[in-house]
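Below: the structure, in structure tokens.
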């Protein structure tokens, strides 16, 4: 019997918001099914969480602010995740916004919160508010898809890119080279700031200058955060870009010992935050101007 061989297969498609790329170790016969599964997954997430679709679940929830609204188990999971990161970030990630207020991450007022009834799977937003998940739904969807592909489809190696969010797995063996991911230079689209070598894990790159819903308000042009959890990386990349280098890195150091970051400031200086041992082993071809080692940031 001829042995069925697996090889890395590329996949590419587009959603309303971003391009999606996948590189998966699978059999040729399975590639069409895998691509359909990925497309269907991202479309279902978009239909549920895109606030610009009038018939999405989150649009309905925002429309019914002030009333009890039944929600799906999926929505409940993501809202609990949003609540968790509001607490983890000392209120600097704020998914609940006053209608008419300027957009952007702002420290959450203690009095602004929603009411959740897990037993009834319902939520009540305060009057004149709406939910803006700030990309958590995207990073969550990538994380969930990667978990499903590994556990349910037994795909031993994979890479998923959606927008600025990337997750990889399956290169822990000493016989396998790590995934090497280039980090875009926003000042020159034809060059890279450097690269990161990752056997597994996630990273998120965010720039407020490329976000149509954001108004740049700090001394950071672009931030890349790398770690194990896709959602954690995405949340911190956005928070750093909002708070600025000093305040942002101090908060990051306070709440995580796993994440590392490359931050490009408005004066074109590159800041590194992380373990000293990771330099030149994990972060490659970087011309660092300022070092912020994790145990020295406070």
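Residue numbers (this note's numbering): 7 to 304. Ideal placement from N, C-alpha and C gives every residue a C-beta, glycine not left out.
As assigned by DSSP and simplified to three states, the class of residue i
{"i": "residue 48", "result": "helix"}
{"i": "residue 15", "result": "strand"}
{"i": "residue 247", "result": "helix"}
{"i": "residue 35", "result": "helix"}
{"i": "residue 187", "result": "strand"}
{"i": "residue 165", "result": "strand"}
{"i": "residue 212", "result": "strand"}
{"i": "residue 265", "result": "coil"}
{"i": "residue 274", "result": "coil"}
{"i": "residue 175", "result": "strand"}
{"i": "residue 128", "result": "strand"}
{"i": "residue 88", "result": "helix"}
{"i": "residue 99", "result": "coil"}
{"i": "residue 150", "result": "helix"}
{"i": "residue 159", "result": "coil"}
{"i": "residue 221", "result": "coil"}
{"i": "residue 118", "result": "coil"}
{"i": "residue 7", "result": "Here the model assigns residue 7 a pLDDT of 36, short of 50, so the residue's position is not dependable and the matter cannot be decided."}
{"i": "residue 94", "result": "helix"}
{"i": "residue 136", "result": "strand"}
{"i": "residue 253", "result": "helix"}
{"i": "residue 231", "result": "strand"}
{"i": "residue 289", "result": "strand"}
{"i": "residue 260", "result": "helix"}
Beta-carbon proximity list for residue i, same chain, < 6 Å, skipping 5 on both sides
{"i": "residue 241", "result": "91 and 99"}
{"i": "residue 29", "result": "14, 16 and 165"}
{"i": "residue 163", "result": "31 and 176"}
{"i": "residue 272", "result": "225 and 227"}
{"i": "residue 122", "result": "129"}
Proximity below 7 Å, CB of residue i to CB of residue j
{"i": "residue 192", "j": "residue 205", "result": "no"}
{"i": "residue 276", "j": "residue 291", "result": "no"}
{"i": "residue 261", "j": "residue 94", "result": "yes"}
{"i": "residue 102", "j": "residue 135", "result": "yes"}
{"i": "residue 259", "j": "residue 300", "result": "yes"}
{"i": "residue 27", "j": "residue 167", "result": "yes"}
{"i": "residue 266", "j": "residue 280", "result": "yes"}
{"i": "residue 4", "j": "residue 146", "result": "Residue 4 lies beyond the residue range present for the chain, which begins at 7 and ends at 304; the question has no answer from this structure."}
{"i": "residue 24", "j": "residue 169", "result": "yes"}
{"i": "residue 19", "j": "residue 45", "result": "yes"}
{"i": "residue 131", "j": "residue 71", "result": "yes"}
Cut-off 8 Å between Cβ atoms - residues of its own chain near residue i, not counting five sequence neighbours on either side
{"i": "residue 189", "result": "198, 199, 200, 201, 202, 211, 230 and 268"}
{"i": "residue 80", "result": "54"}
{"i": "residue 250", "result": "224, 225 and 226"}
{"i": "residue 124", "result": "82"}
{"i": "residue 66", "result": "75"}
Cβ shell of residue i (< 7 Å), same chain only, five flanking positions each side left out
{"i": "residue 143", "result": "51, 55 and 84"}
{"i": "residue 128", "result": "74, 75, 76 and 77"}
{"i": "residue 234", "result": "207, 208 and 264"}
{"i": "residue 2", "result": "No statement about residue 2 is possible, as the shown extent of the chain runs from 7 to 304 and does not include it."}
{"i": "residue 161", "result": "30, 31, 32 and 155"}
{"i": "residue 22", "result": "52 and 56"}
{"i": "residue 159", "result": "none"}
{"i": "residue 8", "result": "Because the pLDDT of residue 8 is 44, which lies under 50, any placement of that residue in the model is unreliable, and the question is left without a value."}
Supposed contact pair residue j and residue i - C-beta distance, whole angstroms, cut 8 Å
{"i": "residue 214", "j": "residue 239", "result": "Not quite, the Cβ-Cβ distance comes to about 16 Å (not below 8 Å), so this is no contact."}
{"i": "residue 278", "j": "residue 285", "result": "7 Å"}
{"i": "residue 140", "j": "residue 244", "result": "6 Å"}
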